[in-house]
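First to last, the protein sequences are chains A and B.
Heads up: the first sequence begins at 277 in this note's numbering, then just goes up one per residue.
Heads up: the second sequence begins at 277 in this note's numbering, then just goes up one per residue.
All remarks here apply to the structure that follows.
Number of protein chains: 2
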Amino acid sequence: MDVRFAVNVSPKPGILDPQGRAVEGSLDHLGIAGVSAVRVGRRVELTVSAADEAGARAVVERLAAELLSNPLIEAYDVEVLGAASSTDSTESPSAAGAPA
Amino acid sequence: MDVRFAVNVSPKPGILDPQGRAVEGSLDHLGIAGVSAVRVGRRVELTVSAADEAGARAVVERLAAELLSNPLIEAYDVEVLGAASSTDSTESPSAAGAPA
């Protein structure tokens with residue numbers, strides 16, 4: 277079965293987040309008030325083929341820990357987006373991943 | 277009220293995603309098989325103070341469209357993570373955003 281996952285990677289609490297500061301610094305120019313605590317991370321969506329969902333999750337957990345995040349400064353969580361057909365036709369619009 | 281949001285920004289379908297290709301290219305080295313359709317985007321978490329949740333959502337939608345994404349090549353979606361105290365103590369672990 278194919279399972280579509282998202283891995284959300286964020287800077288750990290207390291770790292400097294220059295991109296977040298840059299966003300906050302831009303808010304005045306846009307005239308937007310009331311926004312705070314901006315943290316910028318990555319979101320990686322991917323499809324895993326495995327025998328079952330537990331097997332697919334094991335693959336994505338390993339990938340998240342070893343390749344997609346830096347455990348010293350980043351935390352990650354894994355979201356299941358759902359079963360994916362091999363042509364990705366069941367993905368959400370923002371995830372529709374035309375494989376290049 | 278303070279509402280914590282996440283804005284997920286991904287490359288639109290058909291748009292080249294070099295970071296996704298780089299991840300796929302690294303899988304062999306890690307000995308990981310069965311992973312496909314990798315798309316790398318951004319995830320921005322932020323707290324909005326507004327009179328109500330609808331007001332907060334209006335702010336974050338504007339921010340997502342005008343600052344956090346490039347509408348030509350990226351799609352975004354907005355997730356509500358929940359009410360946030362002003363000290364961010366109710367955030368999820370990965371989102372705990374010690375403001376720098």
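Note that the Cβ used here is the ideal one computed from N, Cα and C, for glycine as well.
Bear in mind the structure is a predicted one, so any value in this text is a computation, not a measurement.
Minimum Cβ-Cβ distance from residue i to chain E less than 8 angstroms
i         : result
Leu-343/A : Note that chain E does not occur in the displayed structure, where the protein chains are A and B.
Beta-carbon neighbours of residue i, restricted to chain B and to distances below 7 angstroms
i         : result
Leu-306/A : Glu-342 and Leu-343
Below-8 angstroms beta-carbon distance, residue i vs any chain B residue
i         : result
Leu-357/A : no
Leu-339/A : yes
Val-299/A : yes
Val-314/A : yes
Asp-364/A : Legend: pLDDT at Asp-364/A = 45, less than 50; position of this residue unreliable, value from coordinates given subsequently. Chain B, which has a Cβ nearer than 8 angstroms to the Cβ of Asp-364/A, makes this yes.
Gly-373/A : Any reading at Gly-373/A needs caution, since the residue's pLDDT is 43, under 50, leaving its predicted position unreliable; the model's value is listed next. Interface residue, yes.
Contacts of residue i in chain B (Cβ-Cβ under 9 angstroms)
i         : result
Arg-333/A : Chain B residues near Arg-333/A: none, gap ~12 angstroms exceeds 9 angstroms.
Collapsed DSSP secondary structure at residue i in the structure displayed
i         : result
Pro-287/A : strand
Gly-296/A : helix
Thr-363/B : The predicted position of Thr-363/B is uncertain, since its pLDDT is 48 and thus under 50; a value taken from the coordinates is nonetheless stated next. In the structure shown, Thr-363/B sits in coil (DSSP, three-state: anything other than H, G, I, E or B).
Partner residues on chain A for residue i, Cβ-Cβ distance less than 8 angstroms
i         : result
Ala-330/B : Neighbours of Ala-330/B on chain A: none; closest Cβ ~14 angstroms, over 8 angstroms.
Beta-carbon neighbours of residue i, restricted to chain A and to distances below 7 angstroms
i         : result
Gly-310/B : Val-324, Ser-325, Ala-326 and Val-335
Residue i beta carbon near the ligand COA (any heavy atom closer than 7 angstroms)
i         : result
Val-356/A : The model on display carries no ligand, and the ligand COA is accordingly not part of it.
(message) Check whether the segment 281-296 of chain B and the segment 327-338 of chain A are in contact - that is, three or more C-beta pairs closer than 8 angstroms.
(response) no
(message) Any contact between the segment 334-345 of chain A and the segment 338-354 of chain B? By contact I mean 3 or more CB pairs, one from each, below 8 angstroms.
(response) no
(request) Just list the beta strand (DSSP E) runs in the segment 305-357 of chain A, keeping only unbroken ones of 3 residues or longer that don't cross its boundaries, in chain order. (result) 311-325
(request) Could you tell me whether the segment 317-326 of chain A touches the segment 315-323 of chain B, where touching means 3 or more Cβ pairs closer than 8 angstroms? (result) yes
(request) Specify whether the segment 299-310 of chain B and the segment 301-311 of chain A touch according to this definition: at least 3 beta carbon pairs, one from each stretch, less than 8 angstroms apart. (result) no
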